[in-house]
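Asks: For reference, the structure I am asking about is given below.
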Amino acid sequence: MRGHIEERASGNFVSSTAELRRLTTPQDLFQAAAEEVIRTATDAVKARGRFTIALSGGSTPRNLYTLIAANASASLPWDQMFFFWGDERHVPPNDPDSNFLMAKESLLSKVAVPPANIFPIPTENPDASAAAEAYEQTLRKFFAVAPGEFPRFDHILLGMGPDGHTASLFPETAALQEKSRLVVANWVEKLKASRITLTLPVLNAAHSVAFLVSGTDKAAALHEVLEGNAAAEKYPSKLVRPTDGRLIWFVDRAAASELSTAA
Ligand code: 6PG
0 MRGHIEERAS GNFVSSTAEL RRLTTPQDLF QAAAEEVIRT ATDAVKARGR
50 FTIALSGGST PRNLYTLIAA NASASLPWDQ MFFFWGDERH VPPNDPDSNF
100 LMAKESLLSK VAVPPANIFP IPTENPDASA AAEAYEQTLR KFFAVAPGEF
150 PRFDHILLGM GPDGHTASLF PETAALQEKS RLVVANWVEK LKASRITLTL
200 PVLNAAHSVA FLVSGTDKAA ALHEVLEGNA AAEKYPSKLV RPTDGRLIWF
250 VDRAAASELS TAA
């Protein structure tokens, strides 16, 4: 899986614990991100006996999941790995727009992860708020989280939209203000749809968070998020700053094309 070319830069462009990994091509980006997932999974199982990950949706991660399935199906401790989602569209699990379906097709159906280790967001519930509440209870139970505390995922994968949204935390939507819930239903006016999403306190409680940003259409938002001074509510990815965890931005050359050359 070696061979991708990347520059590593860490610095205060986002926060002192953030790392920017500039890759050349989308394939290089997927290879680097896959290595990070494999590394964090191996380390977490060694350190804590299990690995918990929140998967991202959309189109970017599909190639990452395919690569992991192709390269690590025989080498990872799948029975000690537990799969959750950072967000979900409010559609049934067999809907083409389902983030669960995409991950199932590209990864989970190809590796020996026990079905009991897979925790989809229960979007078959027609009431988005009830689905969010149910998922919150699932997280509280699995992570044995006391009231006021937040689950610490070992790894959270995130994408970023051209508007700077991440998970289903869209610009100037109610979910951005959530400080105590773990999971909420978030009405997204521009989509005329409800989404179900982990909240910022959960994202920022993670041991590590990896953004995967690929393509020219993300370049303006990436510049704004990493280097601009617009209000964070307009670019919610800016609000992801793990309090005691690693933040890594995997970006390809196209997405990084509006960044200043300085590291
Ligand atoms: C979703 C994702 C969302 C996604 C971005 C980027 O449910 O769509 O969680 O936050 O990561 O919209 O999507 P692409 O990878 O398709 O550009």
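According to numbering that gives the first Met the number 0, the stretch in the sequence shown is residues 0 to 262, in order.
Glycine is no exception: its CB is placed at the ideal position from the N, C-alpha and C atoms.
Closer than 6 Å to a non-hydrogen atom of the ligand HEM - does that hold for the CB of residue 218?
Replies: The model depicted lacks the ligand HEM and carries the ligand 6PG instead.
Asks: Using 10 angstroms around the beta-carbon of residue 46, count the other beta-carbons present and answer buried if the total reaches 16, otherwise exposed.
Replies: Walking along the sequence shown from the start, residue 46 turns up at place 47. Residue 46 comes out exposed.
Asks: Are there any heavy atoms of the ligand 6PG lying less than 6 Å away from the beta-carbon of residue 124, as far as the coordinates show?
Replies: Within the sequence shown, residue 124 is the residue found at index 125, counting from 1. No, the ligand 6PG has no heavy atom inside 6 Å of this Cβ.
Asks: Could you check which residue in 201, 50, 91 has the C-alpha nearest to that of residue 238?
Replies: As a working note, residue 238 is residue 239 in the sequence shown. Residue 201 is the option with its Cα nearest to residue 238.
Asks: Is any non-hydrogen atom of the ligand 6PG found closer than 6 Å to the C-beta of residue 98, if you look at the structure I gave you?
Replies: Taking the sequence shown and counting its residues from 1, one reaches residue 98 at position 99. Residue 98: yes, Cβ under 6 Å from the ligand 6PG.
Asks: Do residue 65 and the ligand 6PG come close, with the Cβ less than 6 Å from some heavy atom?
Replies: Position 66 of the sequence shown, counting from 1, holds the residue named residue 65. Not under cutoff, so the answer is no.
Asks: Going by beta-carbon coordinates alone, are residue 123 and residue 182 separated by less than 7 Å?
Replies: Translated into the one-based positions of the sequence shown, residue 123 becomes position 124. Translated into the one-based positions of the sequence shown, residue 182 becomes position 183. No, the pair does not count as a contact, with Cβ atoms beyond the cut-off.
Asks: What did DSSP end up calling residue 137 once you bin it into helix, strand or coil?
Replies: Numbered from its first residue, the sequence shown carries residue 137 at position 138. If DSSP states are grouped into helix, strand and coil, residue 137 belongs with the helices.
Asks: Quick one: residues in its chain with C-beta nearer than 8 Å to the C-beta of residue 89, no 5 flanking neighbours on either side, listed in chain order?
Replies: Residue numbering aside, residue 89 sits at position 90 when the sequence shown is read from its first letter. Closer than 8 Å at Cβ, skipping near neighbours: 122, 127, 130, 184, 192, 193, 194, 195.
Asks: Consult DSSP for residue 120 and reduce its assignment to one of helix, strand or coil.
Replies: Within the sequence shown, numbered from 1, the residue matching residue 120 stands at position 121. In the structure shown, residue 120 sits in coil (DSSP, three-state: anything other than H, G, I, E or B).
Asks: Which residues in the same chain have their Cβ closer than 8 Å to the Cβ of residue 72, if we skip the five residues on either side of it in sequence?
Replies: Stepping through the sequence shown from its first residue, residue 72 is reached at position 73. Same-chain partners within the cutoff: 109, 110, 111.
Asks: Under 6 Å: does the beta carbon of residue 209 sit that close to some heavy atom of the ligand 6PG?
Replies: In the sequence shown, the residue the question calls residue 209 occupies position 210. Residue 209 Cβ: outside cutoff for every heavy atom of the ligand 6PG.
Asks: Taking 8 Å as the threshold, find out whether the region 135-148 comes into contact with the region 96-110 through three or more Cβ pairs.
Replies: The region 135-148 vs the region 96-110: no contact.
Asks: Give me the residue from 132, 52, 260, 74 with the minimum Cα distance to residue 206.
Replies: If you number the sequence shown from 1, residue 206 lands on position 207. Of the candidates 132, 52, 260, 74, the one whose C-alpha sits nearest the C-alpha of residue 206 is 52.
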